[in-house]
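Reviewing the structure listed below.
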Amino acid sequence: MRSVRRATVAAALLLAGLFGIAAAQESVPPPKQEWSFGGVFGTYDLAAAQRGFQIYSEVCSNCHSMRLMYYRDLSGIGLNEAQIKAVAASVQVPVGLNDQGEPVNGPGTPASRFKSPFPNDLAARAANNGALPPDLSLIVNAREGGADYVYGILTGYQDPPENFKLQEGMNYNEYFPGHQIAMPRPLQDGQVEFAGGAPNATADEAHDVVTFLAWTSNPELVERKQMGIRAVLFLTLMTGLTYAVKRKIWAEVH
Amino acid sequence: MAGLYKSDYENPVIRWIDTRLPIFSLMQKEYGTFPTPRNFNYFWNFGALALVTLVIMMATGIFLAMNYSPNTGLAFDSVQRIMRDVNYGWLLRYTHQNGASMFFMVVYIHIFRGFYYGSYKYPRELLWMIGVVILLLMMATAFMGYVLPWGQMSYWGATVITNLFSAIPVIGQTVVTWLWGGFSVDNPTLNRFFSLHYLLPFVLFGVVFLHVVALHITGSNNPLGIEVKTPQDTLPFHPYYTIKDSVGLCVFLIVFAVFVFFVPHTLGDPNNFIPANPLQTPADIVPEWYFLPFYAILRSVPNKLGGVTLMFASILVLFVLPWLDTSPVRSARFRPLYRPFIFVLVLSLFALGAVGAHKPEGLWVVLGRVCTAYYFLHFLVILPVLGVLERPLPLPESISRPVLGPPGGGGPMPAGAAAKPMEKS
Amino acid sequence: MAEPLAAATTAQHGQPDIVSKRDFLKLVTISGAAIGAGAFAWPFIASMNPSRDVLALSSVEVDLTPVQAGQGITVVWRGKPIFVRHRTEAEIKEAVDTPLQAMIEPVPDADRVKPGHAQWIVVIGICTHLGCVPLGNKPTDPRGDYGGWFCPCHGSQYDTAGRVRHGPAPLNLFLPPYAFESDTKIRIG
């Protein structure tokens with residue numbers, strides 16, 4: 007398993023090197039983390055993803071939308087139907103028009119999209135000092151470095167080095183390109199209390215919420231990898247079979 | 234004179250059809266008993282692999298189109314709905330997305346095969362030129378397909394590539410406005426690209442058919458680059474090459490599956506997970522890997538029209554390759570001088586790929602210019618001159634006796650045994 | 003086409019042991035290829051079935067409080083109109099007392115409603131003849147001779163239990179799957 011992962015990484019690196027996919031970045035590359043969903047056999051750590059959803063709900067969702075997610079999708083991190091209904095019903099979402107033709111809000115259903123903190127991008131900018139908090143649905147796929155990068159951002163807040171000119175309203179982050187990020191440090195030690203008392207230092211919280219964000223970016227990952235293992239095994243078998251038949255057929259020619 | 238085709242089939246149903254429309258006889262002639270050089274190596278798999286990939290692309294594309302909305306307001310979300318909500322939508326989409334890369338990989342190897350074994354030379358010039366048309370159609374189709382998900386790279390790729398036409402003197406801007414159907418890449422552009430992206434593969438399929446017809450007129454080239462002389466030089470296509478292609482296909486599908494199932498994003502760009510934003514260009518915009526060498530040629534000239542001209546010329550030069558190469562010998566095996574040059578060409582193409590992926594700064598600019606110069610030098614100067622200067626190695630007498638020896642003897646395989654399966658064809 | 007060729011090679015070489023081993027291998031390989039092709043085809047077929055977002059919308063909740071006796075409302079479930087009608091005592095009595103012989107598809111009224119909620123009739127509002135939407139859910143609509151629904155396309159008539167009483171429709175209006183979540187709330191689907 008280790009060697010398979012290494013081979014995959016090596017092949018990917020080779021290709022990336024050949025074709026220069028790994029575009030040059032001026033910022034510090036974030037350190038590699040161990041992820042439950044990494045590697046050929048990786049699956050999501052559902053408990054971590056559920057804690058991550060709690061962090062998203064309590065912290066991130068105050069500024070960041072998650073347009074592509076529906077409450078029904080939460081079955082993918084192990085919530086049952088009753089839990090999903092309860093989560094959905096706890097938010098007020100637009101439910102259409104009333105008899106007077108005015109838009110009305112009502113409790114969400116499993117078919118509702120995740121509630122956005124702002125009605126539109128302009129409102130989001132206005133409330134955030136002109137910066138638009140990006141939608142988080144695909145954030146892990148949408149950043150060079152993926153999960154490691156997002157983890158790096160969440161844990162990379164520091165005091166700026168001497169001589170560094172930090173602009174008004176900006177924050178210093180080790181791993182953000184250019185180091186000046188508009189988002190204030192979102193996670194603090196002990197900020198989110200988990201039921202069951204799971205560890206909640208900044209690093210733990212970041213790890214959990216990145217697991218959740220990786221899942222929202224790639225909800226098909228587990229099914230994909232499991233199908234992939236079967237497909238590759240089957241094709242390897244077929245390669246052996248066709249090669250054997252080829253040898254037999256060509257035996258009389260050579 | 235009206236009448237029925239004389240069919241050899243005995244099954245009454247097949248015979249009934251075959252006498253009226255001899256498709257069974259045709260298939261048997263072209264893919265059953267078709268005499269094929271016996272000495273193919275695995276490089277000769279890649280034509281079949283390209284055809285299979287085209288079929289996979291068309292099948293997945295048709296099913297993706299059932300769920301895709303070609304409208305700037307809906308396109309990004311409809312693709313994500315395919316990824317998240319449509320049954321196996323992620324599989325169809327990743328197969329289509331990575332399939333484009335697989336298609337180019339296979340076709341580039343196929344083209345290299347042509348370079349190395351001189352497959353473009355008499356009498357296969359037209360076969361080769363049809364192949365170049367296929368390459369151009371593939372590039373156009375791939376480019377328009379890349380625009381459809383309407384991410385940041387889609388949008389800015391479309392903007393940059395369509396702007397290439399603005400380099401045309403006088404009418405450039407008019408042409409670009411016409412391509413866009415507006416004053417920037419917008420909904421009309423997306424709509425027409427979808428329409429053409431759906432149409433072009435069928436055109437491509439038709440041209441592939443012509444490619445195969447032309448191939449079956451001249452017959453295949455082979456690693457020795459000498460013509461088939463006797464029936465001993467050939468084998469019936471089935472079962473010998475159907476099974477050999479099947480082996481190659483299985484190996485190819487493993488590579489394909491690894492990309493689709495385990496590293497589906499490796500060949501893509503993270504920026505395309507961000508919806509298109511006409512007001513903000515991403516910091517590093519790079520084309521897909523299969524366009525990088527051409528992108529590097531474009532950037533190696535510090536002049537707009539010059540760069541665009543050179544980029545198009547880099548492909549158009551392939552049309553006249555059969556006449557630029559003046560050597561009568563096809564296979565590089567017997568061309569001691571040509572052989573190192575073809576590897577230098579491949580190296581410079583890889584280098585151009587790397588150049589295309591990096592910002593045009595410092596050494597990359599120099600490397601890009603050197604490799605671009607070599608690319609054109611190779612085709613326009615080296616190939617014509619080599620044919621005059623080079624002393625090719627002696628060619629074998631025939632395919633079935635690849636090593637020169639006393640006539641009627643020698644050879645790596647007993648002539649009698651080898652002849653046996655051929656008596657039929 | 004494989005057959006004549008294979009047969010020919012067998013005849014020429016006359017090595018039955020090799021040939022039979024090859025034939026077995028061939029059989030396994032061809033079966034494998036067939037299984038592979040089938041497995042590859044399945045995702046394409048499955049992708050045309052309703053997707054997760056479509057299935058997610060396949061249940062709706064309806065609040066019955068505003069619907070007065072004698073009135074009906076139309077809600078949309080899976081893209082189809084659902085008639086929800088609040089029947090009066092007289093309508094219920096008539097529906098229960100109608101003899102089964104008078105019907106085209108005889109079904110007692112009790113089988114058309116949920117026990118304890120006889121005043122509520124919930125049917126799929128699509129005529130079983132050729133798929134038109136019958137009139138009669140609004141008080142101003144013609145309701146036909148049986149007080150239920152009247153299809154304007156070909157004149158089929160339904161009673162207040164949604165049972166067809168006059169052709170050409172062959173069957174009663176279909177009942178959607180639904181359940182009472184409370185006395186004033188149903189969930190369809």
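Residue numbers (my numbering), protein chains in the order written: chain P, 7 to 260; chain R, 234 to 658; chain B, 3 to 191. All residues carry an ideal CB built from backbone N, CA and C; glycine is no exception.
Residue 111(B) is bridged by DSSP to nothing; it lacks a bridge partner. In the structure shown, the three-state DSSP call for residue 387(R) is helix. Contact of residue 243(P) with chain B by beta-carbon distance below 9 Å involves 34. Residues are counted here when their Cβ sits less than 8 Å from a Cβ of chain P; for the segment 87-110 of chain B the count is zero. In the three-state reduction of the DSSP assignment, residue 149(B) falls in the strand class, which pools E and B.
Cα atoms of residue 541(R) and residue 527(R): separation of roughly 10 Å, rounded to the nearest angstrom. Of all residues in the segment 316-342 of chain R, those with a C-beta nearer than 7 Å to a C-beta of chain B are 318, 319, 320, 321, 322, 324 and 325, reading in chain order. If you draw a 10 Å sphere on the C-beta of residue 262(R), you find fewer than 16 other C-beta atoms in it, and that means exposed. The Cβ of residue 251(P) sits closer than 9 Å to at least one Cβ of chain B. The C-beta separation of residue 222(P) from residue 142(P) comes to about 7 Å, placing the pair in contact by the 8 Å criterion. In the DSSP assignment, residue 75(B) falls within the unbroken beta strand (DSSP E) covering 74-79.
Against residue 240(P), the close residues of chain B are 38, in the order they occur along the chain (beta-carbon pairs closer than 7 Å). Secondary structure in the segment 84-128 of chain P: the alpha helix (DSSP H) runs of 4 residues or longer, each lying completely within the stretch, are 87-95 in chain order. When DSSP reads this structure, residue 468(R) sits in a beta bridge with 269(R). If you check the CB distance, residue 498(R) and residue 147(P) come in under 9 Å. Using a Cβ distance threshold of 9 Å, residue 440(R) and residue 370(R) count as a contacting pair. Taking 8 Å as the upper bound for CB-CB distance, residue 418(R) and residue 388(R) are in contact here, some 6 Å apart.
Between residue 375(R) and residue 243(R), the CB-CB gap reaches or exceeds 9 Å. Here residue 126(B) is actually not in contact with residue 187(B); their C-beta atoms are around 19 Å apart, not less than 8 Å. Taking C-beta separations shorter than 6 Å and ignoring five residues to either side along the sequence, the partners of residue 58(P) in its chain run 214, 215, 217 and 218, following chain order. The shortest C-alpha to C-alpha distance from residue 576(R) to any of 346(R), 246(R), 324(R) and 447(R) is the one to 346(R).
Residues of chain P whose Cβ lies closer than 7 Å to the Cβ of residue 479(R) are, in chain order, 248. 9 Å or more divides the Cβ of residue 383(R) from the Cβ of residue 292(R). For residue 406(R), there is no enclosing beta strand (DSSP E); the enclosing alpha helix (DSSP H) has its first and last residue at 405-413. Runs of alpha helix (DSSP H) with 4 or more residues, each lying fully within the segment 199-241 of chain P, are found at 208-223, listed in chain order. In the same chain as residue 301(R), and ignoring 5 residues on each side of it, the C-beta atoms closer than 6 Å to its own belong to 311, in chain order.
Per the coordinates, the alpha-carbon of residue 429(R) lies some 19 Å from the alpha-carbon of residue 393(R).
For residue 123(B), the enclosing beta strand (DSSP E) begins and ends at 122-126. Taken atom to atom, the span from the alpha-carbon of residue 609(R) to that of residue 253(R) is near 52 Å. Closest by C-alpha distance to residue 117(P), out of 73(P), 35(P) and 41(P), is 73(P).
Residue-level contact check: residue 140(B) does not touch chain P, since none of the beta carbons of chain P fall below 9 Å from its beta carbon. In the displayed model, residue 177(P) falls within a strand according to three-state DSSP. With contacts defined by Cβ atoms closer than 9 Å, residue 248(P) and residue 31(B) form a contacting pair. DSSP places residue 537(R) inside the alpha helix (DSSP H), whose first and last residues are 537-549. Not a single CB atom of chain B sits nearer than 9 Å to the CB of residue 231(P). Cβ-Cβ separation between residue 604(R) and residue 244(P): approximately 40 Å, too far for a contact (criterion under 8 Å).
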